[in-house]
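Notes for the one structure printed next.
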Amino acid sequence: MTQSKNSAAAGIVSAFLLVLSSSAAIVSTDSKWFIHVWQSDQGLPNNKVTGIAQTADGFLWIATPTGVVRFDGSRFDKIPRETFAPGTRQRTSAVLGDPDGGLWFAMDYGPVIYARAGVIRTFTNHLPSDIVEQMLEDKNHALWVVYRGGTVLRLKKGHSRIYRAAGGLPGYSPCSLALDRNGQLWFAKGGNVGRFQHGRFAALLHLGSQTTVIRLAPSSQGGLWICAGSTLFRLTGGRQPVEIAKYPSATSSDHPTALLED
Numbered sequence: 003m004t005q006s007k008n009s010a011a012a013g014i015v016s017a018f019l020l021v022l023s024s025s026a027a028i029v030s031t032d033s034k035w036f037i038h039v040w041q042s043d044q045g046l047p048n049n050k051v052t053g054i055a056q057t058a059d060g061f062l063w064i065a066t067p068t069g070v071v072r073f074d075g076s077r078f079d080k081i082p083r084e085t086f087a088p089g090t091r092q093r094t095s096a097v098l099g100d101p102d103g104g105l106w107f108a109m110d111y112g113p114v115i116y117a118r119a120g121v122i123r124t125f126t127n128h129l130p131s132d133i134v135e136q137m138l139e140d141k142n143h144a145l146w147v148v149y150r151g152g153t154v155l156r157l158k159k160g161h162s163r164i165y166r167a168a169g170g171l172p173g174y175s176p177c178s179l180a181l182d183r184n185g186q187l188w189f190a191k192g193g194n195v196g197r198f199q200h201g202r203f204a205a206l207l208h209l210g211s212q213t214t215v216i217r218l219a220p221s222s223q224g225g226l227w228i229c230a231g232s233t234l235f236r237l238t239g240g241r242q243p244v245e246i247a248k249y250p251s252a253t254s255s256d257h258p259t260a261l262l263e264d
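Here the sequence shown stands for residues 3 to 264, where the numbers follow our numbering.
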């Protein structure tokens, strides 16, 4: 995979592939940032993206309601379900790459699957029967799973723990997690952004209302990317978030579903 292809994709937001490159019209508060959109007309199998991950070879793996595809910066290649989830009939709702070259796949109302080098492991015990919206692996190799409605599950060595309001999370609303380059786990939920520390989630700042959908992604330069509604922010250190850009929204109900910096 060439460097030009690798730099061609930076994130997927809602039905759009949001690319920070030099090939599209400026929709930004900073002239260095550009927006590029991929939809079904450009080869995306479905205009709703439910998950995105990047593997060490630079490819993006994208989950949609109609299947999983691999993206090299210019072309989408559909991945047969039998190659990573044989015997299942559910849709893939989330995907995650790990440092060892494997991929995690979450199936609707079903198992979480790990595939690496042709070996497939399926996890089913004590998992909520719901739709997974995001997965994340922390520095201690624990898998964090975010379910629709904001329930968060931590899975490590076959043991699971569920976090809800009692664990510091705000009430029923979408949740997003991110791990910064220092290994700190962050969350966004109910209009709040904060950190996981001392076994609890604690809010540090507020962006928007309780119904504002916020997605997080780590920044390679430190800090976080925050997409709140249709606005992209960057958070560094102890400063307030800085607005970077706004992405084009087809309708007032459009909201981000996944965010990634390549």
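C-beta atoms are modelled at their ideal positions from N, C-alpha and C, and glycine is treated no differently.
In whole angstroms, what is the alpha-carbon distance linking residue i and residue j?
i, j, result
"ILE246", "VAL215", "17 Å"
"ILE115", "SER211", "35 Å"
"GLY53", "VAL121", "22 Å"
"MET3", "LYS248", "No answer about MET3 holds up, because its pLDDT of 39 lies below 50 and its placement is not dependable."
"GLY224", "VAL195", "16 Å"
"VAL71", "VAL147", "21 Å"
"TRP188", "PRO82", "33 Å"
"PHE78", "SER42", "10 Å"
"THR57", "ALA65", "14 Å"
"TRP227", "ALA219", "5 Å"
"GLN186", "GLN199", "8 Å"
"SER76", "VAL97", "20 Å"
"GLY13", "LYS159", "Confidence in GLY13 is poor, its pLDDT being 39 and thus under 50, which makes the residue's placement too unreliable to answer from."
"SER221", "GLY103", "21 Å"
"HIS161", "LEU206", "29 Å"
"ASP74", "PHE107", "19 Å"
"ARG118", "ALA144", "17 Å"
"ALA55", "ASN142", "19 Å"
"PHE235", "ARG241", "12 Å"
"ARG163", "CYS229", "27 Å"
"GLY193", "ASP59", "35 Å"
"PRO130", "VAL154", "10 Å"
"SER23", "ARG197", "Annotation note: pLDDT 29 at SER23 (below 50); position unreliable, coordinate value reported separately. Taking the straight line from one Cα to the other gives about 30 Å."
"PRO67", "LEU237", "31 Å"
"ASN49", "THR233", "19 Å"
Given that a residue counts as buried once 16 or more other Cβ atoms are within 10 Å of its Cβ, and exposed if not, what is residue i?
i, result
"PRO172", "buried"
"THR94", "buried"
"LYS191", "buried"
"LEU262", "buried"
"HIS1", "An answer regarding residue 1 cannot be provided, because it is not within the stretch 3 to 264 covered by the chain."
"HIS257", "buried"
"GLN44", "exposed"
"GLY201", "exposed"
"ARG217", "buried"
"THR126", "exposed"
"TYR165", "buried"
Check whether the Cβ atoms of residue i and residue j lie closer than 8 Å to each other.
i, j, result
"GLY169", "PHE203", "yes"
"THR213", "SER175", "yes"
"ASP132", "ARG150", "yes"
"MET109", "THR90", "yes"
"VAL51", "ALA260", "yes"
"PRO101", "LYS80", "no"
"ILE37", "PRO243", "no"
As a quick exercise: from the options, pick the residue whose alpha carbon is nearest that of residue i.
i, options, result
"GLY112", "ASP102, HIS128 and ALA119", "HIS128"
"GLY99", "LEU155, ALA87, LEU138 and ARG91", "LEU138"
"ALA167", "ASP74, LEU145 and GLY152", "GLY152"
"ASP264", "ASN49, GLY45 and PHE61", "PHE61"
"ARG183", "THR233, GLY201, VAL154 and GLY239", "GLY239"
"PRO88", "GLN242, ARG123, ASP140 and TRP63", "ARG123"
"LEU105", "TRP63, ASN142, VAL134 and PRO67", "TRP63"
"GLN136", "ASN49, ALA180, GLY193 and ARG236", "ALA180"
"GLY69", "VAL134, ARG197 and GLN92", "GLN92"
Kindly examine the ligand ATP and report whether one of its heavy atoms sits closer than 7 Å to the Cβ of residue i.
i, result
"ALA119", "The ligand ATP is not part of the structure shown, which contains no ligands of any sort."
*With a floor of 3 residues, list each beta strand (DSSP E) that falls wholly inside the region 72-154, ordered by position along the chain.*
78-81, 94-99, 105-109, 114-118, 121-125, 134-139 and 145-149
*Run through the region 180-264 for me and flag every whole beta strand (DSSP E) of 3 or more residues, listed as ranges in chain order.*
187-191, 194-199, 202-208, 216-220, 226-230, 233-237 and 244-248
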